Amino acid sequence: MYCLLKCAPLILAVAVCHGWLFGDFVGKQKELDEISLWPLPQKFQSSAVAFKLSPASFQIVHAKQSSAGPSCSILVNAFRRYFEYMFGDLKKHEKSRKKVYDSDLAELQVWITSADPECDGYPSLQTDESYELSVDEPSAVLKAANVWGALRGLETFSQLVYRDDYGANNINKTDISDFPRFAHRGILLDSSRHFLPLKVILANLEAMAMNKFNVFHWHIVDDPSFPYMSRTFPDLSQKRKGAYHPFTHVYTPSDVKMVIEFARMRGIRVIPEFDTPGHTQSWGNGIKGLLTPCYSGSSPSGTFGPVNPILNSSYDFMTQFFKEISTVFPDAYIHLGGDEVDFSCWKSNPDIQKFMVQQGFGTDYSKLESFYIQRLLDIVAATKKGYMVWQEVFDNGVKLKADTQIHVWKERPQYQDEMAKVTAAGFNALLSTPWYLNRISYGQDWVNIYKADPQNFTGTDAQKKLVIGGEACLWGEYVDATNLTPRLWPRASAVAERLWSDKSVTDVGNAYKRLVQHRCRMVKRGIPAEPLFVGHCRQEYMGL
Amino acid sequence: MRLTALLPVRSCLLLVVVSVCVQQVHGVWPLPQQLHQSADRGCLSPQRFSFTYGRDSAAQTGCSVLDAAFKRYFSIIFPDFTKGSGLLMCENQSNRLSVKTGGCDGYPDEDSDESYNLSVSEGQAVLRSVTVWGALRGLESFSQLVYQDDYGSYFINKTEIVDFPRFAFRGLLLDTSRHYLPLHAILKTLDAMAYSKFNVFHWHIVDDPSFPYQSRTFPDLSNKGAFHPFTHIYTQSDVMRVIEHARMRGIRVVPEFDSPGHTQSWGKGQPGLLTPCYKGGVPSGSFGPVDPTIDTTYKFMESLLKEVKFVFPDSYVHLGGDEVSFACWQSNPNVRKFMEKMGFGKDFTKLESFYMESIMNMTAALNRTSIVWQDVFDYHERIPQDTVLEIWKGEKYQAELSRMTQAGHRVLLSAPWYINHISYGQDWRNSYAVQPQNFSGTEEQKKLVIGGEVAMWGEYVDATNLTPRLWPRACAAAERLWSNEEKTLNADLAFPRLEEFRCELLRRGIQAEPLFVGHCKHEYDGL
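Protein chains in written order, with the UniProt record's numbering: chain A, 1 to 544; chain B, 1 to 527.
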């Protein structure tokens, strides 16, 4: 009674103020909350009732029933991260506002329901990323089976918060039930054609989390350079220009660890690609005898081709090397490449010609490639890892383990046909063809990126289910730290929504409105995501 | 301590040997008109090195432009120099400057002499130029000649350069209306322009989407027409800062106030300026180009241009005049009445011509030279002779060059350098292949091509992606506009020099994107 009396005038004042505000907002409300969610949740219900969030009193807490607690570092870090995103620029001068209003949302309770919250684990292909989010007085509740779903829900919650014209944070009464359409939603970065400083990789992991991507496909080495510093074979990066520079242009074991941990904290898997037998020029610098010597006429020309598939030493090397890789990278999958093998060097080499005859391969060098890949797959299988390969490996008829993932990237034959073929053969398929984002063009090319659908091919339901997702690829011919981030974002966001949201979410006009706001949100969070078209963000990019 | 003293001597001896075996010739971008380098090289010691004014130089200490340039180029040449770092000291190298005329407090203009001679010999380098602007160009070349060896010591080869620009007008257009560009993005661009010897910043400051220029005469233009009246505007002091930053680098600032089209944002703060469009006999509520039929329009434009003259010191003003849509004029009964009165019939190009002529005359009366987009020439016969025409339409620009120069006009070429149009791969090669004087015409006509401009329109560009999209792609046009075409036609030969220059830009903190696979010693360390 005492309290009520004392507070009455205050409450009245707030009510009046609120009513007035409300009138101002009814029109904008829907626009503001609904359109800025990206990727769009599966089920979404929102009302015009808005609550205020006070930076001084709002908290993200573990729900009482939650199986996770303060010792769960993934969640504790995520709470802090998302608090920063929501209030980072406000909390200083808003500290004075200690009063709690009726219409305030006091807290977000995060409730992990399964017995093992997986706080110390790694996300995997099987990870359940679903979550339920209910925003209502006095608390919002985020329910997820494990920390990975909670991470996705926290991102959504942070996207629901919007700022009114008075600078106050608002959130509407909302119910969301969400889960990804595809389990594998990846971004490929190429750190061989240009070295990418750690900072750039980490920033892109941040941006990936904002877009609910969950796989970082690290195309870490290739022809031009070998920046991965191997413990077993340090010469790969340290000798004779394997890396562009053995100290400034390498990823040390602790760098790699940091990337993996930074990704884990955001529910992102790190799948390294060690592409062989082609795309290995830089490997030859550190490992003598690994690559095939090319011949010009009857003598070695001094140049080298793909990995030499006829020497036992090649396989011994691969055995040791992948043993290391399998321990360094915790993910259950390794990408083994297998694309674009040029046969001309093999053809020129008399030892290889002899071997071809011995094996009865005739002149079909794809049989030699298969011979190599099959032995490599056995080597990797022995490390208990699963593997991903580029589509050529499948196209060439290499015998593959049933759980092999085939990565479709070629424009010809049409990727729809390839997806049908791969799934008809019973393999898991991943799509990248329409998402080679390094291929830039003038104008709003995100629209075509957005329209591509990985299940858009002729096939049975069972085949469709074998499509586990896709990856946006940013190959490095023309990309380095100077232009990577604006070139990737928000174009990759189009892929993110295609892979997360329901199949029916295809309205480009609606997507445009949301994506404009989503890109401004990324800019505000420090990601230099480029503009979609003419316009402005309230907070423009301040870096340079 | 003794060790540090010994080490330099040893490495110095060693390097003399190396310099004989490996001839390191270091490129300059854009390529100087005459460049002779020998394999002989001298060391530069950051401790001992200094810039000094020549005894007979007209400019001496106190010359704002050069004092600032010395400071700037010292840290560009020795980026990792800190006092007492004990670097190698071989010879006492100093850079003597001799500038014939002063003009340290002026602005560069269309007649500025940017030529310079640079002679680097043992122990001393001498830079001679007629003006401070030429000295700036020479300092830039000098800075590009200095390199570090594997031990971090600084060297410069014996070099003789005689240099001058092929074209007097070498511009770069930024569009601050379609997206607002924060001041620091503009200043950074000016830095990079100076590195590539660009000398005109064409500031397309306002357009349909927003009016970020804060006018002292008409403050409502930005109050109501900017994306945001406080965070997305250029105040008078911002503009002054841009002009001064540019002046220090020998760069002219030519503002563009494009009318009568491209003016949607003007209408918000200046009611009555734009033509009301009609639909079915009544105003539709939307607006078209500036209303050319009423006196208030011309009074407004005169006041605005007077302010522009006051704020921007350059003798050129860009008046736009492109892409005027006639539909709205056509719909408006008052405009139709005016057409009849003037005897224009149904030819709205005559109305546009009438408007542009008034504006150009107004500009001339203010003692300013007008630049207009090619549309104005394409539609109209009567254009003041000293008006500069700018070609922007992609198709058949050679024919347009012929026609314009035949009519005796000075011309700027921009059409092949719309580098906001991105594509996959090494598109700088297209920019590089442009030959601005390769059209049918007399020698006299060729001389009327005063230069060209790289344009970075803002539909898809803001502070997030501007710099890597501009650099090093704009460098291709920079070389075409400065260097001798005969010596620079082969893009494959230019490639390694441009790659090196791109790495140098990175080292100087310009976020220039890569040309192809590879690496730089100093990678970009921002985001």
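Cβ atoms here follow ideal geometry from the backbone N, Cα and C, with glycine treated the same way. None of the values given here were measured: they were computed from a predicted structure.
Rounded straight-line distance, which links the Cα of residue j to that of residue i
{"i": "residue 377 of chain A", "j": "residue 244 of chain A", "result": "29 Å"}
{"i": "residue 159 of chain A", "j": "residue 36 of chain A", "result": "7 Å"}
{"i": "residue 367 of chain B", "j": "residue 315 of chain B", "result": "7 Å"}
{"i": "residue 384 of chain A", "j": "residue 124 of chain A", "result": "15 Å"}
{"i": "residue 12 of chain A", "j": "residue 171 of chain A", "result": "Because the pLDDT of residue 12 of chain A is 35, which lies under 50, any placement of that residue in the model is unreliable, and the number read from its coordinates should be weighed accordingly. Straight-line Cα distance between these residues: approximately 21 Å."}
{"i": "residue 169 of chain A", "j": "residue 506 of chain B", "result": "40 Å"}
{"i": "residue 57 of chain B", "j": "residue 105 of chain B", "result": "16 Å"}
{"i": "residue 323 of chain A", "j": "residue 146 of chain A", "result": "30 Å"}
{"i": "residue 512 of chain B", "j": "residue 162 of chain A", "result": "35 Å"}
{"i": "residue 503 of chain B", "j": "residue 106 of chain A", "result": "52 Å"}
{"i": "residue 337 of chain A", "j": "residue 223 of chain A", "result": "13 Å"}
{"i": "residue 543 of chain A", "j": "residue 189 of chain B", "result": "14 Å"}
{"i": "residue 221 of chain A", "j": "residue 328 of chain A", "result": "15 Å"}
{"i": "residue 430 of chain B", "j": "residue 169 of chain B", "result": "20 Å"}
Which of helix, strand or coil DSSP assigns to residue i
{"i": "residue 169 of chain A", "result": "strand"}
{"i": "residue 57 of chain A", "result": "coil"}
{"i": "residue 51 of chain B", "result": "strand"}
{"i": "residue 212 of chain A", "result": "coil"}
{"i": "residue 197 of chain B", "result": "coil"}
{"i": "residue 175 of chain B", "result": "strand"}
{"i": "residue 542 of chain A", "result": "coil"}
{"i": "residue 510 of chain A", "result": "helix"}
{"i": "residue 161 of chain B", "result": "strand"}
{"i": "residue 506 of chain B", "result": "helix"}
{"i": "residue 261 of chain B", "result": "coil"}
{"i": "residue 87 of chain A", "result": "helix"}
{"i": "residue 460 of chain B", "result": "coil"}
{"i": "residue 23 of chain B", "result": "The predicted position of residue 23 of chain B is uncertain, since its pLDDT is 44 and thus under 50; no value can be drawn from it."}
{"i": "residue 524 of chain A", "result": "helix"}
{"i": "residue 108 of chain B", "result": "coil"}
Supposed close pair residue i, residue j - CB separation, criterion 8 Å
{"i": "residue 126 of chain B", "j": "residue 99 of chain B", "result": "So it is not a contact: roughly 11 Å between Cβ atoms."}
{"i": "residue 467 of chain B", "j": "residue 510 of chain B", "result": "7 Å"}
{"i": "residue 279 of chain A", "j": "residue 340 of chain A", "result": "7 Å"}
{"i": "residue 529 of chain B", "j": "residue 177 of chain B", "result": "The requested residue 529 of chain B does not occur in the structure, where chain B is confined to residues 1 to 527."}
{"i": "residue 342 of chain B", "j": "residue 354 of chain B", "result": "7 Å"}
{"i": "residue 264 of chain B", "j": "residue 208 of chain B", "result": "4 Å"}
{"i": "residue 501 of chain B", "j": "residue 472 of chain B", "result": "7 Å"}
{"i": "residue 491 of chain B", "j": "residue 432 of chain B", "result": "5 Å"}
Where residue i falls, given that 16 or more other Cβ within 10 Å makes a residue buried
{"i": "residue 340 of chain B", "result": "exposed"}
{"i": "residue 249 of chain B", "result": "buried"}
{"i": "residue 357 of chain A", "result": "exposed"}
{"i": "residue 194 of chain B", "result": "buried"}
{"i": "residue 538 of chain A", "result": "exposed"}
{"i": "residue 70 of chain A", "result": "exposed"}
{"i": "residue 36 of chain B", "result": "exposed"}
{"i": "residue 210 of chain A", "result": "buried"}
{"i": "residue 251 of chain A", "result": "buried"}
{"i": "residue 155 of chain A", "result": "buried"}
{"i": "residue 438 of chain A", "result": "buried"}
{"i": "residue 3 of chain A", "result": "Here residue 3 of chain A scores only 38 on pLDDT, less than 50, and its place in the model is too uncertain to base an answer on."}
Quiz item: According to a CB-to-CB cut-off of less than 8 Å, which residues of the region 471-486 of chain A neighbour chain B?
Solution: Of all residues in the region 471-486 of chain A, those with a C-beta nearer than 8 Å to a C-beta of chain B are 476, 477, 478, 479, 480, 481, 482, 483, 485, 486, reading in chain order.
Self-check item: Chain-ordered residues of the region 167-197 of chain A with a beta carbon less than 8 Å from chain B
Solution: 193, 194, 195, 197
Quiz item: Mind listing which residues of the region 430-463 of chain A have their C-beta closer than 9 Å to chain B's C-betas, in chain order?
Solution: Interface annotation for the region 430-463 of chain A against chain B: 438, 439, 440, 441, 442, 443, 444, criterion Cβ-Cβ distance under 9 Å.
Quiz prompt | Residues from the region 233-246 of chain A in contact with chain B, defined by Cβ distance under 8 Å | solution = 244, 245
Quiz item: Closer than 8 Å, Cβ to any Cβ of chain B: which residues of the region 298-314 of chain A, in chain order?
Solution: Nothing from the region 298-314 of chain A brings a Cβ to less than 8 Å from some Cβ of chain B.
Quiz item: In chain order, what residues of the region 200-234 of chain A put their CB closer than 7 Å to some CB of chain B?
Solution: Answer in chain order: 200, 203, 224.
Quiz prompt | Residues, ordered as in the chain, of the region 416-439 of chain B that lie near chain A by beta-carbon distance below 9 Å | solution = Listed by position along the chain: 420, 421, 422, 423, 424, 425, 426.
Quiz prompt | Selection of the region 518-531 of chain A by Cβ proximity to chain B, strictly under 7 Å | solution = 523, 528, 529, 530, 531
Quiz item: Which residues, taken in chain order from the region 490-517 of chain B, show a beta carbon closer than 8 Å to some beta carbon of chain A?
Solution: 506, 511, 512, 513, 514, 515, 516, 517
Quiz item: Any residues in the region 344-375 of chain A with a beta carbon nearer than 8 Å to a beta carbon of chain B? Which ones, in chain order?
Solution: Going along the region 344-375 of chain A in chain order, one finds no residue with a Cβ nearer than 8 Å to chain B.
Quiz prompt | Residues in the region 532-544 of chain A having any Cβ partner in chain B nearer than 9 Å | solution = 532, 533, 534, 535, 536, 537, 538, 539, 540, 541, 542, 543, 544
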